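Residue numbers are given in UniProt numbering: position 158 of the sequence shown equals residue 158, and the series is strictly consecutive.
Note that CB positions come from ideal geometry on N, CA and C, so glycine has one too.
None of these values were measured; they are calculated from a predicted model.
Notes to accompany the following structure.
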Amino acid sequence: MKKFTYTGLLILLLSACTKDKDNTAGPDEINRLTYIIDDNKFNFSSFNTALGRTGYRNMLAQAGPYTVMVPDNNAFAKAGYATNQQVLTQSAVILNNLVSYHIINGTWELNKLPYQFNQEISAITGAKMFVTHWIKGEDTVLTINGSPVLAYNLPASNGMIQVLDNVLQPLVYQTLSDAIATDTSLTFLNVALQQAGMKTGISGSATYTFFAPSNSAFRNAGFPSVDSINKTDAKTLRDLLEYHLFAGRKFIYDYILTTGSSDQTEQAMQNGNNVGISLVKDDTGVKYIGITIKGAGNKVPAEVKRENLMAGNGVLHIIDQVLKENQ
Numbered sequence: 001m002k003k004f005t006y007t008g009l010l011i012l013l014l015s016a017c018t019k020d021k022d023n024t025a026g027p028d029e030i031n032r033l034t035y036i037i038d039d040n041k042f043n044f045s046s047f048n049t050a051l052g053r054t055g056y057r058n059m060l061a062q063a064g065p066y067t068v069m070v071p072d073n074n075a076f077a078k079a080g081y082a083t084n085q086q087v088l089t090q091s092a093v094i095l096n097n098l099v100s101y102h103i104i105n106g107t108w109e110l111n112k113l114p115y116q117f118n119q120e121i122s123a124i125t126g127a128k129m130f131v132t133h134w135i136k137g138e139d140t141v142l143t144i145n146g147s148p149v150l151a152y153n154l155p156a157s158n159g160m161i162q163v164l165d166n167v168l169q170p171l172v173y174q175t176l177s178d179a180i181a182t183d184t185s186l187t188f189l190n191v192a193l194q195q196a197g198m199k200t201g202i203s204g205s206a207t208y209t210f211f212a213p214s215n216s217a218f219r220n221a222g223f224p225s226v227d228s229i230n231k232t233d234a235k236t237l238r239d240l241l242e243y244h245l246f247a248g249r250k251f252i253y254d255y256i257l258t259t260g261s262s263d264q265t266e267q268a269m270q271n272g273n274n275v276g277i278s279l280v281k282d283d284t285g286v287k288y289i290g291i292t293i294k295g296a297g298n299k300v301p302a303e304v305k306r307e308n309l310m311a312g313n314g315v316l317h318i319i320d321q322v323l324k325e326n327q
């Protein structure tokens with residue numbers, strides 16, 4: 001399986017690197033997290049560059065122990081950092097928040113967690129993250145905030161490394177209401193929630209997953225302006241919006257892990273009715289990369305344009321259509 005190949009390659013690289021260190025350093029020192037991350041330039045150079053812009057490099061050279069969730073270089077490229085120079089020119093505040101969200105106090109062997117979805121753990125800042133340990137076919141899968149772990153439990157003398165295929169986005173908003181209100185691509189949705197009297201419901205302690213239609217999705221559904229939403233009956237909007245959310249936190253990869261060989265499943269929404277979920281594969285037809293969502297009244301499925309946007313009380317997935325129950 002690819003995960004084990006990746007793990008084996010990393011262990012070989014890490015073992016080779018330690019032999020080249022200054023012979024005056026003890027074995028504990030040369031195998032600490034800071035040095036391992038610095039040495040593994042082929043996979044970790046982007047994270048190492050970000051780490052160097054913060055005070056956390058010195059911390060990871062101390063006794064610890066710490067567990068570091070290291071996005072590999074491909075993960076940084078997907079997040080918009082194609083080169084180390086782009087990491088260097090990023091705001092120090094952003095990098096500090098990013099790096100701190102990828103470090104946990106203690107030694108966490110994630111594969112020893114129970115077989116459960118979205119088990120809550122905390123970064124060193126106290127920010128929440130969610131770990132899933134599950135089985136898909138013949139593979140044991142670990143995810144963090146819905147991002148697959150490529151290699152896990154890589155040892156260091158002061159902790160361990162988990163390798164991710166995505167950069168985790170630090171938790172910024174405490175509520176879904178705040179996350180929607182500050183996103184300029186969701187202005188129409190924010191107004192619809194206000195008009196429907198639903199802002200309070202997504203501002204509390206209850207957890208929700210929200211398939212959030214973008215502004216263009218609302219326009220294509222017959223709402224040409226914010227004013228047209230304000231003129232729509234509150235119950236009509238409430239009925240529409242309750243077909244876009246449900247109780248609980250669910251990341252996109254959770255559907256990949258729980259959907260059977262048909263690649264089709266359904267999701268019950270807040271109003272008790274279902275939407276159809278279809279898994280999407282990459283061009284090779286082998287790797288699952290996402291989902292589409294189709295309401296009973298939609299002619300074609302909606303695509304997820306931005307996924308796994310975290311808030312303290314749930315997660316947003318921005319979609320390109322308004323889901324419809326009827327034609």
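Residues of the same chain with a CB within less than 7 angstroms of the CB of P65, apart from the 5 flanking positions on each side, are G106, T107, N158 and G159 in chain order. Per DSSP, the continuous beta strand (DSSP E) segment holding V149 begins and ends at S147 to A156. Distance between Q195 and L237, taken at the CA atoms: about 7 angstroms. According to DSSP, L309 shares a beta bridge with L316.
Looking at N274, L241 and A212, the one whose alpha-carbon comes closest to that of E303 is A212. Bounds of the alpha helix (DSSP H) holding Q194 are T187 to A196. For a cut-off of 8 angstroms, the C-beta gap from D254 to T132 is around 7 angstroms, short enough to register as a contact. Per DSSP, reduced to three states, the secondary structure at V99 is helical. Nearest to N313 by alpha-carbon distance, out of I37, Q62 and S203, is S203. Burial is judged here by how many other beta carbons sit within 10 angstroms of a residue's own beta carbon; R306 has fewer than 16 and is exposed. Contact between the segment 275-294 and the segment 167-186 is not established, with fewer than three Cβ pairs separated by less than 8 angstroms. Each of Y101, Y35, L110 and N145 was checked against the Cα of G126, and the nearest Cα belongs to Y101. Of L98, S216 and N220, the smallest CA-CA separation from Y81 is found for L98.
Excluding five sequence positions before and after A296, the CB atoms of its chain that fall closer than 6 angstroms to its own CB belong to E325, given in chain order. For K250, the three-state secondary structure derived from DSSP is coil. Collapsing the DSSP output to three states places F130 in a strand.
For S122, the enclosing beta strand (DSSP E) has its first and last residue at Q119 to S122. About 38 angstroms separates the beta carbons of L113 and A192, which is beyond the 8 angstroms limit, so they are not a contact pair. Rounded to the nearest angstrom, the Cβ distance from I293 to L279 is 11 angstroms, too far for a contact under 8 angstroms. 8 angstroms or more divides the Cβ of S46 from the Cβ of N96.
A residue is called buried once 16 or more other Cβ atoms fall within 10 Å of its Cβ, and T49 is buried on that count.
For S185 against D165, the beta-carbon gap comes to about 25 angstroms, at or over 8 angstroms, which does not count as contact.
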